[in-house]
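Undergrad: Quick note, the sequences are listed as chains A and B, same order.
According to full-length UniProt numbering, numbering within the first sequence proceeds without interruption in unit steps and concludes at 86.
According to full-length UniProt numbering, numbering within the second sequence proceeds without interruption in unit steps and concludes at 86.
2 protein chains.
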Amino acid sequence: MENKELIGIIAGILTTSAYIPQTIKVIKSKSAKDFSWIWLIFMIIGILLWFLYGLMLKSLALIFANGISIMSLLTIAVVKYVYRQS
Amino acid sequence: MENKELIGIIAGILTTSAYIPQTIKVIKSKSAKDFSWIWLIFMIIGILLWFLYGLMLKSLALIFANGISIMSLLTIAVVKYVYRQS
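What follows is the structure, given as structure tokens:
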């Protein structure tokens, strides 16, 4: 693996794993009130575009990092919607 | 500008601007207690590496987005340190 791809993968691991505690907290507490819908929508669209950009550049790091981030964000959005009444 | 670079720039605008309200809130309230030091350190190192990755790929989108994100995060870290007593 090229040096630059390794740097991208490490960057992806750091910025993606920084979201895991928040995602676990949202699932456990069944509450996502800390996240506004505007923030979630901006981030989901933005990260989908980063994912697309990664595909176009054939960048493993961008595809990997943003693929996982999308799953974290969609999990938060689903919890926020399902438990919106509570 | 190439199509893919435009997609990257739009992705960067969305994911970067999603942090601006939080950064402004931190500056106004002079409090960054919502951000743990671990999260900040993970993100600052991670985004620095994304910035480096962007330089290596000569990707305007990665350089632009992560350059701005670094400034947001460093601002939050400075406020968190300066007002750590309060």
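We put the beta carbon where it would ideally sit given N, CA and C, even for glycine.
1. How would you write the range of the alpha helix (DSSP H) that residue 22 (chain A) sits in, first residue to last?
2. Look at residue 61 (chain A) and residue 53 (chain B) and say whether their C-beta atoms are less than 8 Å apart.
3. Quick one: is residue 31 (chain A) near chain B, going by C-beta distance under 8 Å?
4. Going along the chain, which residues of the stretch 13 to 45 of chain A sit with their C-beta nearer than 7 Å to a C-beta in chain B?
5. Of all Cβ atoms in chain B, is any one closer than 8 Å to the Cβ of residue 67 (chain A)?
6. If we call anything under 8 Å between Cβ atoms a contact, is residue 19 (chain A) one with residue 69 (chain A)?
7. For residue 25 (chain B) and residue 21 (chain A), what's the separation of their Cα atoms in angstroms?
8. Take residue 39 (chain A) as the anchor and find which of B:14, B:31, B:8 and B:44 has the nearest alpha-carbon.
9. Where does residue 2 (chain B) fall in DSSP's three states?
10. Give the DSSP-derived three-state secondary structure of residue 61 (chain B) in the structure shown.
TA: Considering the structure as presented:
1. 20 to 29
2. yes
3. no
4. 14, 15, 17, 18, 39, 42, 43 and 45
5. no
6. yes
7. 22 Å
8. B:14
9. coil
10. helix
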